[in-house]
C-alpha cells in the first residue's frame with residue numbers, strides 16, 4: 001500500500017518539490033499541513049498545471065496553487081460514504097482528518113474500487129510518410145522505427161495500457177500493412193486493436209471520420225511519432241473536470257531573442273530589454289475529444305486538428321489545454337530520432 005505520509009508537505013514547499021512529491025508518491029496529490037499536521041489544503045496535478053498556465057514559476061511556493069477548501073472525510077467514516085462523496089464532488093482522493101483537523105489518512109478511489117480500466121477508444125495516428133526521416137523510412141513506416149529496441153508505436157501503446165486503456169484504433173496509410181502485420185489484433189499486449197485505413201491523406205482529424213460508429217465516451221487521440229511520459233489517466237480526469245468538448249495537450253516552448261529588444265514610441269526609446277525570452281505553448285499532438293466534437297469532422301475530407309479546435313472555438317464550445325510537464329519528444333527530424341535513442345534508456349527503462 002502506498003504510504004500517504006509521503007504526500008505531506010509544508011506551506012513553503014516549492015512547486016518543483018511538490019511535483020516531485022506527487023510523482024514519487026504515485027497518489028496524484030500532495031497534502032499541505034502545518035507543524036501540527038493540521039490540513040491547510042491540497043494540491044493536485046491539475047492545480048499545478050493550471051498554475052503553470054497562469055504564469056507560476058516552479059520556484060514559487062505551493063501556496064500559489066493551494067486548494068484551501070478541499071473535500072475531506074472524517075476519521076472512521078464508512079467507505080461507501082467516502083465513495084459517495086467522491087462521486088458527488090468528482091474527486092479521486094480525499095484526506096481523512098480527526099476532530100482537530102489533523103491528517104490521519106488519505107482515501108483514494110483505486111483502494112475503494114478495483115484498479116480502473118477504461119473503455120475509451122484510443123486513436124493512434126500512424127499514417128504519415130515520415131519524409132524528413134528518409135532514408136530510414138524508405139522501407140519502414142516511421143511508427144515502426146525502433147527506439148530503445150522497440151518500435152516507437154509499441155512504446156506509445158504500452159504507455160496507454162499501463163494506465164488502463166486497451167481499446168485502440170490505429171490510423172494507417174504509408175506502408176500500413178507492415179504496421180498491421182506487427183501489431184495484429186493486439187492480443188499479444190492484452191489489448192484490442194482495429195485499423196482505420198486511409199486511402200488518401202485525411203489529416204490528423206480527418207482520419208477520425210473513418211471510425212465505424214460514433215463513440216459513447218471521450219476519445220483519446222495521439223500522433224504515432226511522439227514519445228512521452230504523460231499520465232493519460234490524469235489527462236482524462238483533467239478533461240472531465242473542465243467539462244471540455246475538446247482538450248489539447250500543449251508543451252511550453254521558450255525562445256530567446258538573440259538581441260536587445262528596443263521598445264519605442266515614435267522617436268523615443270521607452271525600454272531596452274536584453275535578449276528577452278518569449279514563452280509559448282505549442283501543440284503537443286495529444287488530444288481528448290467528446291463524441292460531439294467528432295460530429296464536426298467532415299467525412300472523406302482532409303481535416304487537421306487545429307482546424308477542428310478552431311471550429312469548436314468558433315461555436316463557443318468549451319475547450320481546455322493540458323500543459324505537459326513530463327518528458328515529451330516529437331520525432332519529426334533526424335536529430336529528434338537521434339536524441340530519442342540517446343534518452344530512451346534514462347526515461348523509459
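Numbering (the working numbering), first residue to last: 1 to 349.
By construction, the Cβ of each residue, glycine as well, lies at the ideal position given by its N, Cα and C atoms.
Bear in mind that the values here come from a model prediction, so they are computed numbers and not experimental data.
Item: When you compare the CB positions of residue 43 and residue 71, do they come within less than 8 Å of one another, or not?; Value: no
Item: Taking the continuous beta strand (DSSP E) assigned at residue 252, which residues delimit it?; Value: 246-256
Item: Which residues share a DSSP beta bridge with residue 146?; Value: 151
Item: Have a look at residue 49 and residue 16 and give me their C-alpha separation to the nearest angstrom.; Value: 12 Å
Item: Mind checking whether residue 127 and residue 174 have CB atoms under 8 Å apart?; Value: yes
Item: Quick one: give me the first and last residue of the alpha helix (DSSP H) that residue 163 is part of.; Value: Counting along the chain, residue 163 falls outside any alpha helix (DSSP H), and DSSP gives it neither H nor E.
Item: Are the C-beta of residue 71 and some C-beta of chain D separated by less than 8 Å?; Value: Absence of chain D from the displayed structure is noted, only one protein chain being present.
Item: On a CA-only basis, which of 59, 204 and 273 is nearest residue 297? Give me that one, please.; Value: 204
Item: Skipping 5 residues on each side, what residues in its chain have a beta carbon closer than 7 Å to that of residue 197?; Value: 172 and 176
Item: So, does the segment 134-151 touch the segment 91-105, judging by three or more C-beta pairs under 8 Å?; Value: no
Item: Rounded to a whole number of angstroms, what is the C-alpha to C-alpha distance between residue 253 and residue 277?; Value: 10 Å
Item: Can you give the Cα-Cα distance for residue 20 and residue 341, rounded to whole angstroms?; Value: 25 Å
Item: State the beta-bridge partners of residue 259 as determined by DSSP.; Value: For residue 259, which the question treats as bridged, DSSP gives no partner whatsoever.
Item: Have a look at 10, 55 and 59 and flag the residue whose alpha-carbon is nearest the alpha-carbon of residue 35.; Value: 10
Item: Going by other Cβ atoms of all chains shown within 10 Å of its Cβ, with 16 needed for buried, is residue 293 buried or exposed?; Value: buried
Item: Given this structure, state the Cα-to-Cα distance separating residue 312 from residue 111, to the nearest angstrom.; Value: 37 Å
Item: Would you say residue 97 and residue 39 are within 8 Å of each other, going by their C-beta atoms?; Value: yes
Item: Classify residue 327 as buried or exposed, calling it buried when 16 or more other Cβ atoms lie within 10 Å of its own Cβ.; Value: exposed
Item: By a C-beta neighbour count over all protein chains shown, 10 Å radius and 16 as the cutoff for buried, is residue 228 buried or exposed?; Value: buried
Item: With the cut-off set at 8 Å, would you say residue 163 and residue 76 are in Cβ contact?; Value: no
Item: For residue 200, which of 5, 310 and 129 has the nearest alpha-carbon?; Value: 129
Item: Just list the alpha helix (DSSP H) runs in the segment 99-130, keeping only unbroken ones of 4 residues or longer that don't cross its boundaries, in chain order.; Value: 109-112
Item: Given this structure, state the Cα-to-Cα distance separating residue 212 from residue 170, to the nearest angstrom.; Value: 13 Å
Item: Check residue 190 in the structure and name its three-state DSSP category.; Value: coil
Item: Assign residue 19 to one of three DSSP states: helix, strand, or coil.; Value: helix
Item: At the level of alpha carbons, what is the spacing between residue 301 and residue 315?; Value: 20 Å
Item: Closer than 7 Å by C-beta to residue 257: which residues in its own chain qualify, once you throw out the five before and the five after it? Chain order, please.; Value: 275, 276 and 278
Item: Among residues of its own chain, excluding the 5 on either side of residue 343, which ones have a beta-carbon nearer than 6 Å to its beta-carbon?; Value: none
Item: When you compare only the Cα positions, how much space is there between residue 123 and residue 187?; Value: 17 Å
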